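Numbered according to my numbering, the sequence shown terminates at residue 264, and the numbering increases by one at each position without gaps. Glycine included, every Cβ here is placed at the ideal spot set by N, Cα and C. Fair warning: this is a prediction, and the values are worked out from it, not measured in the lab.
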Amino acid sequence: MKKIGLIKEIKQRLPFRVKKFGEYDISELVEKLNTMESDWWFNDDSRQKLRVHTDTHALNIFWNIECLTDGKKGEKNERNYDFLNFKKILEDLKPLYEEEFGSGGFHRVLIARLKPQSEIKPHSDGGVPLMKGRRTHIPLVTNKNVSFMVGKDLENFYLEAGSIYELNNAKKHAVNNPTDEYRIHLIIDWLEDDGFWTKE
Numbered sequence: 065m066k067k068i069g070l071i072k073e074i075k076q077r078l079p080f081r082v083k084k085f086g087e088y089d090i091s092e093l094v095e096k097l098n099t100m101e102s103d104w105w106f107n108d109d110s111r112q113k114l115r116v117h118t119d120t121h122a123l124n125i126f127w128n129i130e131c132l133t134d135g136k137k138g139e140k141n142e143r144n145y146d147f148l149n150f151k152k153i154l155e156d157l158k159p160l161y162e163e164e165f166g167s168g169g170f171h172r173v174l175i176a177r178l179k180p181q182s183e184i185k186p187h188s189d190g191g192v193p194l195m196k197g198r199r200t201h202i203p204l205v206t207n208k209n210v211s212f213m214v215g216k217d218l219e220n221f222y223l224e225a226g227s228i229y230e231l232n233n234a235k236k237h238a239v240n241n242p243t244d245e246y247r248i249h250l251i252i253d254w255l256e257d258d259g260f261w262t263k264e
């Protein structure tokens, strides 16, 4: 089995920082978020305890803090999954992910909200589970003043709401939200049956 350092090195060499590979109609999900009880954002603060995510809130769909280290599929949050209709969302998205990455499955799914006037400081992800997954972002609420920066030089990318992007999370990345609005992304990790790290 390849060590984490080697897997991260292989992923860093993938020839992109951020790439768009599809679009998704987010209107129903955004509407659901707007009608949801606001305190749901605060039910699980385990992700905020990770140093770089202190200014965020999260809605877990398939996620728990242990899945970052044990490599198991994230724990399903039945309430969030059902209320936000993730059965349909993931059924809709699966063909797009299979076309882009090949066979596999949704391994971790959450919705992350960055506070107004705040940031996620520069960092690169680590740990075997995070390196093996294909990290994708679907912006739900954002604007052109939000900076999403990736790479050693922290090149700025504008991620448009409703587009599906893969982030090379082995590379340094950061976010700055200088606005007075929340920035909200759907974050999905797809785990390939035959991953990129097996091909070298």
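Return helix, strand or coil for residue i, following the three-state DSSP convention.
i: M65; result: At M65, the pLDDT of 46 sits below 50, so the modelled position is not reliable and the matter cannot be decided from this model.
i: D253; result: strand
i: S91; result: helix
i: E142; result: helix
i: S167; result: coil
i: I248; result: strand
i: K152; result: helix
i: I6; result: Since the displayed the chain opens at 65 and closes at 264, residue 6 lies outside it and no answer follows.
i: T120; result: strand
i: T262; result: helix
Between the C-alpha atoms of residue i and residue j, what's the straight-line distance to the nearest angstrom?
i: R198; j: T133; result: 16 angstroms
i: N144; j: W104; result: 9 angstroms
i: Y222; j: N232; result: 15 angstroms
i: H201; j: L160; result: 13 angstroms
i: E130; j: E139; result: 9 angstroms
i: D119; j: T206; result: 16 angstroms
i: K235; j: E95; result: 33 angstroms
i: R81; j: V214; result: 6 angstroms
i: K83; j: Y229; result: 5 angstroms
i: E142; j: G166; result: 27 angstroms
Taking all protein chains shown into account, decide if residue i is buried (16 or more other Cβ within 10 angstroms of its Cβ) or exposed.
i: F212; result: buried
i: P203; result: buried
i: R77; result: exposed
i: D89; result: exposed
i: K196; result: buried
i: N220; result: exposed
i: D189; result: buried
List the endpoints of the continuous alpha helix (DSSP H) containing residue i.
i: K265; result: In this structure the chain extends from 65 to 264, so residue 265 is not present and cannot be described.
i: V192; result: V192 to K196
i: T243; result: Here T243 belongs to no alpha helix (DSSP H), and DSSP marks it neither H nor E.
Can you give me the start and stop residues for the beta strand (DSSP E) that residue i sits inside?
i: N213; result: According to the sequence displayed, residue 213 carries Met and not Asn. S211 to V214 is the extent of the beta strand (DSSP E) around M213.
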